[in-house]
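First residue of the sequence shown? That's 55 in our numbering, and the numbers climb one at a time after it.
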Amino acid sequence: MAKPLPHALSARIHQRLWDACARYRRLSSLDGPLGGGAGDSPGADGLTPVALGADAQAFLDSAALQLPGRGYQSGGPAVALRLEASRVSLPAEAGTADLLSLLPPDLAREYADPRQLLKPREQRESARKHFAADPHEYSALVARLQSIGQLSFTTRPACVNGLFAVPKGDKQRLILDARPLNAMCREPPSVSLPSPEHLALLEVPKGTRLHIGKVDIDNFYHRLRMPAAWHRYFALPAIRAGDIGLAGYGPEELVHPCLTTLPMGWSHSVYLAQKLHEHLLFSNPELHLRASDAINAAGPGTVDRLRFGAYIDDLMLFDTDPHRLRAVQEAYCSMMEGRGLSPKRDKTVYPDPGGPPQRTECLGTLVDAADLVVGVAPAKLASLVAHTQAFIGRKQATGKELSELVGRWTWAMLAARPSLSIFSNVYRFILITRERRFDLWPSVVRELKLVSQLAPLLSVSIRGGQWWPRAIATDASTLGQGVVMRAIGEADLTPFLSEAFPNGPNGGPAEQCRAWVTRSKWGTIVSKRWARPEHINCLEARAVLTAFRWALSYPKARGRRLCILSDSRVAIGAIRKGRSSSFGLLVVLRAVAALSLASGCQLRLYWLPTDINPADGPSRSPRGGGRGPGLPFA
């Protein structure tokens, strides 16, 4: 039987929960379903924090005690709309920038000829397409596209695609249903895009102020002109030439409009747009931007220099020097305008050195320079919670409907990634039901209620100087677990990790790391036998959990970043990912999530080879079932 948390640790965790709920309530414009009851006592700011709810408290308590929660026993996308020609968002002039001339030379050569990307005919599969437009609206849309130079016409299309719209504020975003073309093309290379997870890895040095800049390119895809050889592959359903007054064809002749710009919906569009944007950033010497400065690059995201994130047509800039940030921002805007890609000046966010600290939304996530916290804006979270409660109230849903809701929650949870371990049965429901309507399973309802109640905790601190000045190494064998520790100066830890693991947490260590690990004197914290047998991957994750629990016994560890070294790529990957299809691993991940959310600690796991793991010996020669020194609970 696991023992309850020590009183001092419990008090610190409750203070963390109080602070997180108070901030959530302070920044939210909605009382919402999480509002505090009449019996709640006000905080220091006179506000009543929201209550976490019984399910959330049970999750934190039970998982922290390594007991599975009652609800965890084993055993999205935007809505497609019909097109309204007058509401479709289009630029005043399309195709103002030549795609090939802006791409890196090797990519320009590869994409100049469509035949280089097509699959052999025997490997192509048929694909359905969706066309959502009334005839008169389609004719009006074709006329609009023709007027801004976004169409060519042919009677011999290479591929006919569908067309629909998705919401874009009070307007519509034009989407090409390019599934027929995608079935003809080979798969695009993977592309690395920044996400809320990368924003959460930022670290603002102690004693400095974070400044934020944002630039959004106007109608980015519509501005990029495709080579003429591609036009016939972006063909749309045929239309009578007379309906649009097209010269050179008979009034009754059917012609296919063909998009001449990079279409949203083609499988290669995101890859091309991102690579083009990155190439412009790195090839301009006036910007002084390097790939290693990107927030989604490997390594810590310390804002000790200008850091940036490029997400297709958006650019986010983070710096402690507002003048340097503003200079780069202006140089970037001038560069893009000179290449036919106009920034939206009315939506550009500039740093304000004399104003209050910024609270700016990036990638749908609030970067709060006042509190130095990253997470979805509390008002948006409260709205999502209300939507979730209404969804539960319907009592029935299709897998597709649930996947859309879970997709929204997943994006909100990426900043506090361990929280993803909450979801399990929702995935099974989505997979089994698909587009059929079923009663919501009780286990699905519990998971949705739980994530709603934990909404105030789905944010992380980006305050610098928050590393716990100890490095911990863990290991597990079939016999037992080992946890060892050595002290390292807090100021030395960040640069050490950056140099010792140049390829990021999952990469191999550099030589200086090997020397540092093997020459250091490590103190054994835990060397004990397992109470019961489990799969080795679960045991490796449990060793990390033991190290986490031990670290939290120190008052100064709460809210800190913890450096943990392990030789298990599976355990590191699962804990960093936040979820696993293995129920045994998922139980451990939920315990890690409960401690992380409740304490505000962020685990930073790094891989090192078994032959230099200092915890290898203690795990293979356990000293029986007793506790290690300094461990308050087993």
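Cβ coordinates follow ideal geometry from the N, Cα and C atoms, glycine included.
Run of the alpha helix (DSSP H) containing residue i, from where it starts to where it stops
| i | result |
| --- | --- |
| D670 | 670 to 674 |
| A440 | 432 to 448 |
| D160 | 159 to 165 |
| L153 | 153 to 156 |
| G453 | 453 to 467 |
| V196 | 189 to 201 |
| E391 | 376 to 392 |
| V357 | No alpha helix (DSSP H) contains V357, which DSSP labels as neither H nor E. |
| F483 | 479 to 487 |
Closest residue to residue i among the options (Cα-Cα distance)
| i | options | result |
| --- | --- | --- |
| V598 | D529, L504, V571 | D529 |
| T209 | A292, Y365, R344 | A292 |
| S497 | I542, I446, A181, R488 | I446 |
| G632 | A647, R623, T356, G638 | A647 |
| Q535 | L511, A601, Q566, R488 | A601 |
| R359 | D368, I366, H377, Y365 | H377 |
| D694 | L278, Q520, V214 | This structure cannot speak to residue 694, because the chain is shown only from 55 to 688. |
| G355 | G394, R294, L395, A254 | A254 |
| R500 | V480, T487, Q177 | V480 |
| D670 | L533, V624, R586, F637 | L533 |
| R198 | E594, P158, G299 | G299 |
| P339 | Y386, M370, R399, L330 | Y386 |
| A433 | A466, L504, G267 | A466 |
| P672 | V641, K582, A625 | K582 |
| G654 | L606, S675, D188, F637 | L606 |
| K260 | Y608, V641, R603, T548 | T548 |
| Y275 | S143, P159, L643, M389 | S143 |
| V624 | G453, D270, T314, L643 | L643 |
| I229 | G216, L326, R677 | G216 |
| T442 | S506, I484, R79 | S506 |
| I666 | D621, P676, L640 | D621 |
| V403 | P510, L395, Q412 | Q412 |
| R674 | P609, K610, I590, V641 | I590 |
| L502 | R490, F483, E489 | F483 |
| P234 | R277, L171, K183 | K183 |
| V269 | D224, H68, C416, P676 | C416 |
Sub-8 Å separation of residue i and residue j beta-carbons
| i | j | result |
| --- | --- | --- |
| A436 | S82 | yes |
| A148 | Q200 | no |
| A212 | R286 | yes |
| V514 | V439 | no |
| F27 | V357 | Past the boundaries of the shown model lies residue 27; the chain is included only from 55 to 688, so the question cannot be answered. |
| Q450 | L420 | no |
| I629 | L662 | no |
| L474 | T464 | yes |
| A181 | A237 | yes |
| T374 | R517 | no |
| R399 | A151 | no |
| P523 | I542 | yes |
| M280 | L316 | yes |
| G627 | E588 | no |
| S206 | D297 | no |
| M389 | L334 | yes |
| R537 | W604 | Looking at the sequence shown, residue 537 is not Arg but Val. Cβ distance < 8 Å, so V537 and W604 count as in contact. |
| L619 | A525 | yes |
| I266 | T414 | yes |
| L369 | P405 | no |
| F362 | A351 | no |
Delimiting residues of the beta strand (DSSP E) encompassing residue i
| i | result |
| --- | --- |
| Q535 | 534 to 541 |
| A772 | The first residue shown for the chain is 55 and the last is 688, placing residue 772 beyond what the model contains. |
| P221 | 216 to 222 |
| Y365 | 361 to 365 |
| Q226 | 225 to 231 |
| V514 | 513 to 515 |
| Y404 | Premise fails: Y404 is in no beta strand (DSSP E) and is neither H nor E. |
| R49 | Residue 49 cannot be examined here, being either before or after the span of the chain that is shown, 55 to 688. |
| S206 | 205 to 208 |
| F492 | 491 to 493 |
| T419 | 419 to 422 |
Minimum Cβ-Cβ distance from residue i to chain B less than 8 Å
| i | result |
| --- | --- |
| Q328 | In the displayed structure, chain B is absent; only one protein chain is listed. |
Heavy atom of the ligand COA within 7 Å of residue i beta-carbon
| i | result |
| --- | --- |
| L156 | Annotation note on the ligand COA: not contained in the displayed structure, which lists no ligands. |
Quiz item: Okay, do the stretch 451 to 468 and the stretch 595 to 615 touch, 3+ Cβ pairs below 8 Å being the bar?
Solution: no
Exercise. Could you tell me whether the stretch 418 to 428 touches the stretch 306 to 317, where touching means 3 or more Cβ pairs closer than 8 Å?
Key: no
Quiz item: Touch check for the stretch 241 to 248 and the stretch 320 to 334: three-plus C-beta pairs under 8 Å?
Solution: yes
Quiz item: Which runs of the beta strand (DSSP E), 3 residues or longer, sit entirely within the stretch 568 to 654?
Solution: 577 to 583, 615 to 620
Exercise. May I ask you to verify whether the stretch 465 to 477 touches the stretch 648 to 659, counting CB pairs closer than 8 Å and requiring at least 3?
Key: yes
Quiz item: What are the start and end residues of each continuous alpha helix (DSSP H) run of 4 or more residues lying completely inside the stretch 268 to 322, in chain order?
Solution: 274 to 277
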